[in-house]
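**Student:** Take a look at the following structure, please.
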Amino acid sequence: MNLVFLGPPGAGKGTMATRVAEHFTIPHISTGDIFRANIKGQTELGKKVKAILDAGDLVPDELTIELVRDRLTRKDAARGFILDGFPRTIPQADALAEFAAVDRALNFVLPDEEVIKRLSGRRVHPGSGRTYHVLFNPPESEGKDDLTGEDLVIRPDDQEDAIRNRLQVYKQQTEPLIAYYDDRSLLVDIDSAPAPDAVFRQVLKVLS
Ligand code: ADP
Ligand code: ADP
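The numbering of the sequence shown is the working numbering, which starts it at -8 and goes up by one.
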């Protein structure tokens, strides 16, 4: 099962991707997580993309496409995968169509006001990419990851200026992908407003 998760930043794609990946034992491939791991490890790629991520702009298509093309050649992706945050532009979607077949594109729908609430309360565990929310999905112990007890952080791009820019970038560059996948009869809308368990139930229904 080859899945693409679409939707604005903060819609809950990563949260659902983690659960779906576990449920179907397929890898959750988040381009954002891959970039952040490279920034943390101060790799060449990380140095190239840090300022772009901090500002909430998009990493150039060529770089992102190569990264995903390479990732999908790994053995664990042979039985299926979830692409979370890729494609984000029409050229990325065209490239993906050449190296992998997409079975479904799930479009996580959430109004802007809710997006802002979710992003401004988001906390992440940098080591694993696990995501929490101060109000909606708090960790067992404040500011600490449930599994490792390590500190949670606020992503630099979850500050107000970067949030505003990311929403604009989403509308200009990524939103056209909704029509792109709808035209190919691959699109399914998921109402992302309810609590995580209810969103997950919708997702399972669509995929079963
Ligand atoms: P995305 O990957 O689309 O950017 P995340 O999965 O990181 O979104 O979720 C954004 C924030 O919203 C996180 O803090 C997460 O804990 C919280 N969240 C995710 N899904 C829900 C939900 N259904 N209801 C309330 N909060 C949610
Ligand atoms: P969110 O779901 O909160 O928007 P992600 O973790 O998916 O965040 O992405 C974080 C950042 O990583 C993006 O703002 C962008 O700078 C970069 N990025 C991730 N995926 C892509 C992509 N497919 N194309 C270009 N840039 C990307």
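Cβ coordinates follow ideal geometry from the N, Cα and C atoms, glycine included. Remember, it's a predicted structure, so these values are computed and weren't measured experimentally.
So what's ARG27 in DSSP terms, helix, strand or just coil?
**Tutor:** Three-state DSSP puts ARG27 in a helix.
**Student:** List the residues that DSSP assigns as beta-bridge partners of LYS135.
**Tutor:** In the DSSP output, where bridge partners are listed per residue, LYS135 has ASP142.
**Student:** For LEU54, which option in LEU36, GLN163, GLY47, THR122 has the closest C-alpha, if you only look at C-alpha atoms?
**Tutor:** When each option's Cα is compared against that of LEU54, the closest is LEU36.
**Student:** Whose C-beta lies closer than 7 Å to the C-beta of LYS41 among residues of the same chain, with five residues either side of it excluded?
**Tutor:** Within the same chain, LYS41 has close Cβ partners ILE30.
**Student:** Report the CB separation of ASN(-7) from PHE72 in whole angstroms; it is logged as a contact under 8 Å.
**Tutor:** About 6 Å separates the two Cβ atoms, so the contact holds.
**Student:** Run through DSSP, which three-state label would PHE77 get?
**Tutor:** Looking at PHE77 - three-state DSSP - the assignment turns out to be coil, as it is neither helix nor strand.
**Student:** What is the C-beta distance between ARG65 and ILE17, in whole angstroms, given that I count them as a contact (C-beta under 8 Å)?
**Tutor:** No, ARG65 and ILE17 are not in contact; Cβ-Cβ is about 12 Å, not under 8 Å.
**Student:** Taking Cβ positions, are GLY5 and ASP52 nearer each other than 7 Å?
**Tutor:** No; because the gap between Cβ atoms is not below 7 Å, this pair is not in contact.
**Student:** Residue range of the beta strand (DSSP E) that TYR171 falls in?
**Tutor:** Counting along the chain, TYR171 falls outside any beta strand (DSSP E), though it belongs to the alpha helix (DSSP H) covering 167 to 174.
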